[in-house]
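Colleague: Chains as they are written, first to last, in the numbering used here: chain A, 1 to 110; chain B, 111 to 229.
Glycine included, each C-beta is placed from N, C-alpha and C at the ideal position.
On a predicted model such as this, the values are computed, not experimentally measured, just so you know.
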């Protein structure tokens with residue numbers, strides 16, 4: 001199972017909105033509404049921020065939102081803040097194994 | 111409060127074995143599917159293995175199939191990963207991660223334990 005494709009890096013200024021894409025295939029992203037997103041700060045464990053494409057867990061800021069179109073899922077961070085600087089990973093259920101992760105995106109707040 | 115605490119990592123020679131443990135607390139462990147996820151130094155996340163609540167359904171990534179064995183002891187609220195025939199490319203931080211409800215996402219993660227395979 002190949003990793004889902006994410007841009008290596010995305011940057012934005014405080015207050016701006018940025019979008020991270022996550023591209024898969026009909027066997028994963030396009031085939032199921034089981035896309036999730038994780039935020040990871042350096043040296044820390046990943047943290048769930050979006051599940052089932054667009055659902056936010058309790059306690060996660062509503063500045064984070066998710067969507068999907070065809071074989072590409074997207075994470076949008078609005079009102080970018082310094083604390084949002086981190087690595088972000090998407091994940092999807094797949095037909096060949098339960099999980100596949102994306103390649104990861106480093107978000108830089110300028 | 112949900113807590114997952116991994117242990118058992120360390121330095122091991124290529125071809126060696128290691129057993130990781132994950133102690134769970136703060137929730138009904140027997141009611142949740144569990145996973146191991148790893149991250150090589152400076153690299154991305156890689157899903158390693160999944161077990162159903164009873165251990166009757168198990169999946170492995172192709173990269174570890176035949177070498178790693180996942181298991182759980184619901185009476186001890188513990189998850190395990192037996193790693194045999196270790197290779198340099200198995201060097202990573204190994205995270206224990208709980209499956210969310212209904213399924214197919216990781217809602218809680220441990221802090222991880224580092225496994226280094228080197229001579």
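Considering only residues of the same chain and omitting the five flanking positions on each side of residue 192/B, which have a CB-CB separation below 6 Å?
Modeller: So the list reads 129 and 179, once near-sequence residues are dropped.
Colleague: Are at least three pairs of beta-carbons, each pair with one atom in the region 118 to 138 of chain B and one in the region 96 to 106 of chain A, less than 8 Å apart?
Modeller: Too few Cβ pairs lie closer than 8 Å, so no.
Colleague: Distance, Cα to Cα, residue 33/A vs residue 53/A?
Modeller: Going by the C-alpha atoms only, they are around 6 Å apart.
Colleague: May I have the straight-line CA-CA distance separating residue 216/B from residue 20/A, to the nearest angstrom?
Modeller: Cα to Cα, residue 216/B sits roughly 19 Å from residue 20/A.
Colleague: Across which residues does DSSP place residue 11/A in a beta bridge pair?
Modeller: DSSP lists 108/A as partners of residue 11/A.
Colleague: When you compare only the Cα positions, how much space is there between residue 59/A and residue 47/A?
Modeller: Roughly 11 Å between the two C-alpha positions.
Colleague: Are the CB atoms of residue 28/A and residue 94/A within a distance shorter than 7 Å?
Modeller: The answer is yes: Cβ separation under 7 Å.
Colleague: List the endpoints of the continuous beta strand (DSSP E) containing residue 209/B.
Modeller: Element bounds for residue 209/B: 202 to 209.
Colleague: To the nearest angstrom, how far is it from the Cα of residue 172/B to the Cα of residue 65/A?
Modeller: So the alpha carbons of these two residues sit roughly 32 Å apart.
Colleague: Give every residue of the same chain whose Cβ lies closer than 6 Å to the Cβ of residue 87/A, excluding the five residues on either side of it in the sequence, and list them in chain order.
Modeller: The answer, listed in chain order, is 40, 104 and 106.
Colleague: Examine the Cβ distances between the region 3 to 23 of chain A and the region 192 to 211 of chain B and report whether three or more of them are shorter than 8 Å.
Modeller: Output reads no: the region 192 to 211 of chain B does not touch the region 3 to 23 of chain A.
Colleague: Ordered along the chain, which non-local residues of its own chain (more than five positions away) have a Cβ less than 6 Å from that of residue 205/B?
Modeller: For residue 205/B, where only same-chain residues beyond five positions count, the Cβ hits under 6 Å are 147, 219, 220 and 222.
Colleague: Under 6 Å Cβ to Cβ from residue 165/B, same chain only, skipping five residues before and after it: list those, please.
Modeller: Contacts found: 182.
Colleague: I'd like to know whether the C-beta atoms of residue 134/B and residue 114/B end up nearer to each other than 7 Å.
Modeller: Taking 7 Å as the Cβ cut-off, residue 134/B and residue 114/B qualify as a contacting pair.
Colleague: Determine the chain D residues that contact residue 157/B at a beta-carbon separation under 8 Å, and present them in chain order.
Modeller: In the structure shown, chain D does not exist; the protein chains are A and B.
Colleague: Quick one: which residues of the region 205 to 220 of chain B get their C-beta closer than 7 Å to a C-beta of chain A? List them in chain order.
Modeller: The residues in question are 205, 210, 214, 215, 216, 217, 219 and 220.
Colleague: Given residue 17/A, which residues of its chain have a CB within under 8 Å of its CB, disregarding the five upstream and five downstream residues?
Modeller: Answer for residue 17/A: 76, 77, 78, 79 and 80, listed in chain order.
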